[in-house]
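Participant:
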Amino acid sequence: MDYLIQELFDSSSNKDLIQRLKSDQSGWEDGKKTAGTHAAQVKNNLQLARESRQAIESSQEIIKKITTDQLLKSFTLPKRVHGLLFTRSTTGQGYGMHIDNAYMNSGRSDLSFTLFLSDPDKYEGGALCIQTLQGNKKIKLKAGHIVIYPSTSLHSVETVTSGERLVCVGWIESYVASNEDRNILFTLDAGARGLLAQHGRSPELDLIFQSYSNLLRRLGN
Ligand code: NI
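For the sequence shown, this note's numbering assigns the number 2 to the initial residue and increments by one for each residue that follows.
(1) Looking only at its chain, what residues have a beta carbon closer than 7 angstroms to the beta carbon of A56, apart from the 5 residues adjacent to it on each side?
(2) Please state the DSSP three-state secondary structure of Q94.
(3) Which class does R183 belong to by DSSP, given the choice of helix, strand or coil?
(4) Report yes if the C-beta of D101 is less than 6 angstroms from at least one heavy atom of ligand 1; otherwise report no.
(5) Determine, using beta carbons only, whether R89 and L142 come nearer to each other than 7 angstroms.
(6) With DSSP as the reference, please indicate the residues paired to L112 in a beta bridge.
(7) Could you check whether V177 and L220 sit closer than 7 angstroms to each other, using their CB atoms as the reference points?
(8) Please state whether DSSP places L5 in a helix, a strand or coil.
(9) Under 7 angstroms between the Cβ atoms of V161 and Y124?
(10) For the candidate residues Q61, D11, S113, whose alpha-carbon lies nearest to that of I100?
(11) Can you tell which of N46, Q132, Q211 has its C-alpha closest to the C-alpha of K34?
(12) Could you give the first and the last residue of the continuous alpha helix (DSSP H) run that contains T77?
(13) According to the Cβ coordinates, are L5 and I149 closer than 7 angstroms?
(14) In chain order, what residues of the same chain have a beta carbon less than 8 angstroms from the beta carbon of S163, not counting five sequence neighbours either side?
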């Protein structure tokens with residue numbers, strides 16, 4: 002599996018989060034400030050200053066959600082969730098095709114995510130496009146839903162043609178840097194957990210969990 006989509010906030014907690022973010026009127030600034038050298042030429046949006054109280058509090062809330070969700074934890078094996086940025090794009094704004102920096106001040110980027118906060122009916126365009134071998138995959142999610150994908154992929158954000166697109170983007174440094182290794186662990190964990198749910202504990206399942214843990218020790222860093 003290349004990417005994972007999941008609801009992170011239900012409708013009412015998502016609305017509450019948006020309200021708090023928008024209440025910070027002085028914190029929104031030009032997005033070119035944080036783009037890498039190559040990306041600076043294609044980035045065009047507004048973002049909430051990382052040091053603002055609102056950005057810090059909301060980031061902590063999102064990080065907690067990601068690191069306590071069983072499926073997301075199993076998929077990402079998070080060592081550090083970092084670099085969270087709240088961005089707002091209005092008509093004419095987008096983000097051209099680019100690759101995220103491998104190392105940031107806040108950590109290594111193994112996985113990238115976009116948490117869609119705006120209701121998709123309230124803006125046109127603004128889909129995240131991820132380049133895959135099968136062509137560009139367009140992703141535009143319901144409010145409160147997150148997509149997590151490998152940082153090794155080229156991606157872009159379609160130009161917004163009406164309304165406003167508010168999202169939170171961020172990165173995950175994983176205990177397992179390789180996508181391939183992480184995917185093997187993910188399916189093994191999913192299979193073992195499925196068996197546990199259906200049949201309960203067994204000595205055979207203990208052996209599978211033992212192998213999972215020992216494989217994670219070998220593949221992790
Ligand atoms: Ni990016």
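Every residue gets a Cβ at the ideal spot worked out from N, C-alpha and C, and that includes glycine.
Facilitator: In this structure, then:
(1) Leaving aside the five residues that flank A56 on each side, the residues in its chain whose CB is nearer than 7 angstroms to its CB run, in chain order, G28, L49, A50, F87.
(2) Here Q94 sits in coil by DSSP.
(3) In the structure shown, R183 sits in a helix (DSSP, three-state: H, G or I).
(4) Checking every heavy atom of ligand 1 against the Cβ of D101, one is found closer than 6 angstroms.
(5) With contacts defined as CB atoms closer than 7 angstroms, R89 and L142 fail to qualify as a contacting pair.
(6) Bridge partners of L112: P151, I173.
(7) Contact annotation: L220 and V177 have beta-carbon atoms nearer than 7 angstroms.
(8) When secondary structure is reduced to three states using DSSP, L5 falls in the strand class.
(9) Contact: yes.
(10) Of the listed residues, the one whose Cα sits closest to I100 is S113.
(11) It is N46 whose Cα lies nearest to the Cα of K34.
(12) Boundaries of the alpha helix (DSSP H) around T77: 71 to 77.
(13) Yes, the pair counts as a contact, with Cβ atoms nearer than the cut-off.
(14) Taken in chain order, the residues that qualify are T92, Y124, E125, G126.
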